[in-house]
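These notes concern the structure reproduced below.
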Amino acid sequence: QVQLVESGGGLVQAGGSLRLSCVSSGRTYSWYEMGWFRQTPGKEREFVATINRNGAVTNYSDFVKGRFTISRDNAKVVVYLQMNSLKPEDTGVYYCAAKDYGEQFRYWGQGTQVTVSS
């Protein structure tokens, strides 16, 4: 059974940093693509960042570009999200997701709460 488990969320002051991790279990080969999404209060879940299998291709939403960095360690089947210069509007639940080639994101973690105080 495939599972994605996020960790690393918490409470931080504006301008601070957090590093989220997502560990994948239940399969022995790396995902085609992994990503981070978030749901902020009062909004639908939105895209944050994605990374391809070998880590050479990354994509970011405009509101995190230059502040967040996505990376992955295929040996450990882990994807990270380094979040710097955090803002109160970054507060929300952050979800890890994974997919294989030709699919939509259909494997999701349970989410980890990030709270940024002003």
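Residue numbering for the sequence shown is 2 to 119, as defined by my numbering.
Don't be surprised by glycine CBs; every beta carbon is placed ideally from N, CA and C.
What does the alpha-carbon distance come out to for the pair residue 115 and residue 38?
12 Å
What did DSSP end up calling residue 47 once you bin it into helix, strand or coil?
strand
Nearest to residue 95 by CA position, among 104, 82 and 62, is which residue?
82
Coarse secondary structure for residue 104, derived from DSSP in three states:
coil
Considering only their Cβ atoms, is the gap separating residue 119 from residue 174 smaller than 9 Å?
Residue 174 falls outside the range modelled here, since the chain spans only 2 to 119, and no answer is possible.
Give me, in chain order, the residues of the same chain whose beta-carbon lies closer than 6 Å to that of residue 85; leave out the 5 immediate sequence neighbours on both sides.
18 and 68
What are the partner residues of residue 109, as DSSP defines its beta bridges?
98
Distance CB(residue 113)-CB(residue 9) smaller than 9 Å:
yes
Close beta carbons around residue 47, own chain, < 8 Å, minus the five adjacent residues each side
38, 39, 40, 41 and 62
Name, in chain order, the residues that DSSP records as bridge partners for residue 38.
48 and 96
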